[in-house]
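Participant: Residue numbering for the sequence shown follows full-length UniProt numbering, starting at 1 and increasing by one per position.
All C-beta atoms in this analysis are idealised placements derived from N, C-alpha and C, irrespective of residue type, glycine included.
One structure, as structure tokens, below. Some questions next.
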Amino acid sequence: MNISPNSVVSLTYELHTTNEEGQQVFVEKADEQNPLVFLYGVGMMLPKFEEHLTGSKAGDEYSFELSAADGYGEIDPGAFADLPKTMFTEAGGEVPAVGDVIPLQDNNGNQFRAGVTAVHDETVAVDLNHPMAGKNLMFAGTILSVREATQDELAHGHAHGADGHSGH
1 MNISPNSVVS LTYELHTTNE EGQQVFVEKA DEQNPLVFLY GVGMMLPKFE
51 EHLTGSKAGD EYSFELSAAD GYGEIDPGAF ADLPKTMFTE AGGEVPAVGD
101 VIPLQDNNGN QFRAGVTAVH DETVAVDLNH PMAGKNLMFA GTILSVREAT
151 QDELAHGHAH GADGHSGH
């Protein structure tokens, strides 16, 4: 079976980006013991990532690069904020340190993460961009399996494991 909408894909991958000097930097991987398993075509993965896999089948190897625009977008200079330190200390918490990634929630209840870029006398400066924003993404791996999604998976909008029977 070839990868197409509503199929469940199991694959390995290695993800690399490049640093400021242009050298490749390892980010993460999924191997055969812990593969990436997803329902293809429902918006869970980057659209261009899926596009590169379209038509592939079990055993196929792949290697491609996504531009920052096709990945997590360019860095948005407006996505930086200064949060009051009291936001962290009022409930007895600690002020985060530079480099920490902190959980935040917007007024609509959407949860996301921000990276701490500086700590000032009264504020904590955070970067609200995705950690991979502004970076090209280089993927390489192997398609382990492709199967039709079950009715439950289609109804739930996500894969239930490589075999279709893993719990939530």
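Please work out which residues of its chain come closer than 7 Å, Cβ to Cβ, to residue 45, disregarding the five sequence neighbours upstream and downstream, and give them in chain order.
Facilitator: Here residue 45 refers to the residue found at position 45 when the sequence shown is read from its first residue. Taken in chain order, the residues that qualify are 38.
Participant: Take residue 117 and list the residues in its own chain whose beta-carbon comes closer than 6 Å to its own, dropping the five residues that flank it on each side.
Facilitator: Taking the first residue of the sequence shown as position 1, residue 117 is located at position 117. 125 and 127, listed in sequence order.
Participant: What distance in whole Å lies between the Cβ atoms of residue 95 and residue 119, which are believed to be in contact at a cut-off of 8 Å?
Facilitator: Within the sequence shown, the letter at position 119 stands for residue 119. Within the sequence shown, the letter at position 95 stands for residue 95. At roughly 6 Å, the Cβ-Cβ gap stays under 8 Å, so residue 119 and residue 95 are in contact.
Participant: How far does the beta strand (DSSP E) with residue 57 in it reach, from first residue to last?
Facilitator: Locating residue 57 in the sequence shown gives position 57, where the first residue counts as 1. Element bounds for residue 57: n/a, residue is neither H nor E.
Participant: So, under 8 Å CB-CB, residue 11 and residue 143 are touching, yes? Tell me the CB distance rounded to an integer number of Å.
Facilitator: Here residue 11 refers to the residue found at position 11 of the sequence shown. Here residue 143 refers to the residue found at position 143 of the sequence shown. Indeed, because the Cβ distance is near 5 Å, the residues count as touching under 8 Å.
Participant: For the 8 Å Cβ check, are there 3 or more pairs between the stretch 64-71 and the stretch 101-115?
Facilitator: Result no; under three Cβ-Cβ pairs closer than 8 Å.
Participant: Mind checking residue 25: buried by the 16 CB within 10 Å criterion, or exposed?
Facilitator: Within the sequence shown, numbered from 1, the residue matching residue 25 stands at position 25. So residue 25 counts as exposed.
Participant: Work out the CA separation of residue 74 and residue 20 for me, nearest whole Å.
Facilitator: Position 20 of the sequence shown holds residue 20. Position 74 of the sequence shown holds residue 74. The alpha-carbon atoms of residue 20 and residue 74 are separated by roughly 15 Å.
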